[in-house]
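Last residue of the sequence shown: number 332 in our numbering, and the count goes up by one each step with no gaps.
Glycine included, C-beta positions come from ideal geometry on N, C-alpha and C.
Source: prediction; values computed, not measured.
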Amino acid sequence: MSQSQRLRILGVPIDAYTFEMWLARVEAWVNEDSGLHPICTVNPEFVMIAQQRTDFYNVLQKADICLADGAGILLAAKWLGQALPERVTGTDSLPKLAALAAEKGWRLFFLGAGPGVAEAAAEKLRAAYPKVQITVNSGNPTPNEAEAIIEDINRSGANILLVAYGAPTQDLWIDRYREQLPNIKMAMGVGGAFDFVAGIVPRAPQWMRKLYLEWLFRLIRQPRRWKRMLRLPLFVVTVLRFRHEPTPRLAKTIHPLTPTPQSSEGENHREIR
């Protein structure tokens, strides 16, 4: 297994992983007795939220792997004179992970998303990979549901946990409860990936993704999200402004884990690519 390089964009770590490298690392973790390994799928929204929320910034620092989910991350790396091999998105990761889980006999646990969404995604993957074992719980991240959710995860015997609460809630939830999940070897926030896999939300055509225009496709289809899109130009300006400064000034206020509405959108759905 190749060793990945780690670079930083506005202080947020990004690991130069390919899908193949990432899956090899996950397989190694499942075969080890080394506790839960959190993975974050970073896009420009993550980076900008981390500039304002110290709790989220710290969670990103602690993650075992921070994957380059957004196209904007690859572009920013180029501006900084560094290279990333490819985008490793949460949406594209799910089928690859399900295929490997079916082959290796791993158990997956899907947590969150809107009513019926995670189950619909699981059904799609079960149809494609009949041997895959997936347990689903659509519970929300409010603290009063945590105990029941944790019991369900532990009872399922799952090795891998995928959480669709949206960022930063999903990553904060994993960090808060990781010590109570002894059987989980890898946990990753996947934002709206269940919606895409289930076919509830369409993805941009392949040509738009290749041109880094997935954000435009989402904006055209869901114009109400224009405010979130404002983070993209802010990200560009901030990266260029602080490109010679590894860690820009960060907000000092640590916010609590904030519950989000019962939806896979979470606080910040993967809008900016």
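Next on the checklist: Let me make sure I understand the geometry here. Which of 164, 215, 141, 63 has the alpha-carbon closest to that of residue 81?
Outcome noted: If you number the sequence shown from 1, residue 81 lands on position 22. Comparing Cα positions, the closest option is 63.
Next on the checklist: Are the CB atoms of residue 193 and residue 168 within a distance shorter than 9 Å?
Outcome noted: Your numbering for residue 168 matches position 109 in the sequence shown. Your numbering for residue 193 matches position 134 in the sequence shown. In this structure, residue 193 lies closer than 9 Å to residue 168 by Cβ.
Checklist entry - Which of the three DSSP states, helix, strand or coil, is assigned to residue 100? => result In the sequence shown, the residue the question calls residue 100 occupies position 41. It is a strand residue.
Item to check | Buried/exposed call for residue 209, threshold 16 Cβ in 10 Å | outcome: For the purposes of this step, residue 209 is identified with residue 150 of the sequence shown, where counting begins at 1. Burial is judged here by how many other beta carbons sit within 10 angstroms of a residue's own beta carbon; residue 209 has fewer than 16 and is exposed.
Item to check | Check whether residue 74 and residue 153 have beta carbons under 9 Å apart | outcome: One-based indexing of the sequence shown puts residue 74 at position 15. One-based indexing of the sequence shown puts residue 153 at position 94. No. Outside cutoff.
Next on the checklist: Measuring CB atoms only, is the stretch 101 to 119 touching the stretch 173 to 187, in the sense that at least three cross pairs come out at less than 8 Å?
Outcome noted: The stretch 101 to 119 makes no contact with the stretch 173 to 187, as fewer than three CB pairs between them are under 8 Å.
Item to check | Residues near residue 159 in its chain [Cβ-Cβ closer than 8 Å; skip 5 each side] | outcome: In the sequence shown, the residue the question calls residue 159 occupies position 100. Cβ contact annotation for residue 159 (same chain, cutoff 8 Å, sequence separation greater than five): 82, 85, 86, 165, in chain order.
Next on the checklist: Checking 9 Å against the spacing of the C-beta atoms, do residue 72 and residue 120 come in under that value?
Outcome noted: Working through the sequence shown from its first residue, we reach residue 72 at position 13. Working through the sequence shown from its first residue, we reach residue 120 at position 61. Yes, they are a contact pair.
Checklist entry - Could you give the C-beta distance for residue 233 and residue 252, rounded to a whole number, given that I count them as a contact under 8 Å? => result Residue 233 sits at position 174 when you count from the first residue of the sequence shown. Residue 252 sits at position 193 when you count from the first residue of the sequence shown. About 15 Å separates the CB atoms of residue 233 and residue 252; that is not less than 8 Å, and the two are not in contact.
Item to check | Beta-carbon proximity check, residue 77 vs residue 148, cutoff 9 Å | outcome: Position 18 of the sequence shown, counting from 1, holds the residue named residue 77. Position 89 of the sequence shown, counting from 1, holds the residue named residue 148. Taking C-beta atoms as the reference points, residue 77 and residue 148 fail to come closer than 9 Å.
Checklist entry - Hey, residue 95 and residue 240 are a contact pair by Cβ (cut 8 Å); roughly how many whole angstroms apart? => result Here residue 95 is taken as the residue at index 36 of the sequence shown, counted from 1. Here residue 240 is taken as the residue at index 181 of the sequence shown, counted from 1. Right, their Cβ atoms sit about 6 Å apart.
Checklist entry - Between the C-alpha atoms of residue 151 and residue 219, what's the straight-line distance to the nearest angstrom? => result The sequence position of residue 151 within the sequence shown is 92, counting from 1. The sequence position of residue 219 within the sequence shown is 160, counting from 1. Distance between the alpha carbons of residue 151 and residue 219 is about 16 Å.
Item to check | Per-residue burial, residue 186 [other beta carbons within 10 Å of its own, 16 or more giving buried] | outcome: For the purposes of this step, residue 186 is identified with residue 127 of the sequence shown, where counting begins at 1. It counts as exposed.
Item to check | residue 130 versus residue 156: straight-line alpha-carbon distance, rounded | outcome: For the purposes of this step, residue 130 is identified with residue 71 of the sequence shown, where counting begins at 1. For the purposes of this step, residue 156 is identified with residue 97 of the sequence shown, where counting begins at 1. Each residue's Cα considered, the two are about 21 Å apart.
Checklist entry - With respect to the alpha helix (DSSP H) encompassing residue 180, which residues constitute its N-terminal and C-terminal limits? => result As a working mapping, residue 180 is identified with position 121 in the sequence shown. Segment 176 to 187, the alpha helix (DSSP H) holding residue 180.
Checklist entry - Ends of the beta strand (DSSP E) at residue 168? => result Along the sequence shown, one-based indexing puts residue 168 at 109. From DSSP, the beta strand (DSSP E) with residue 168 extends over 166 to 171.
Checklist entry - Does the Cβ of residue 317 have 16 or more other Cβ atoms within 10 Å, making it buried, or fewer, making it exposed? => result What you label residue 317 is simply residue 258 of the sequence shown in a count that begins at 1. The predicted model places residue 317 with a pLDDT of 38, which falls under 50 and marks its position as unreliable, so this point remains unresolved.
Checklist entry - Does the Cβ-Cβ distance between residue 66 and residue 109 come in under 9 Å? => result Start at 1 with the first residue of the sequence shown, and residue 66 comes out as number 7. Start at 1 with the first residue of the sequence shown, and residue 109 comes out as number 50. At least 9 Å separates the beta-carbon of residue 66 from that of residue 109.
Item to check | residue 297 - DSSP class collapsed to helix/strand/coil | outcome: As a working mapping, residue 297 is identified with position 238 in the sequence shown. Residue state for residue 297 is assigned as helix, using DSSP reduced to three classes.
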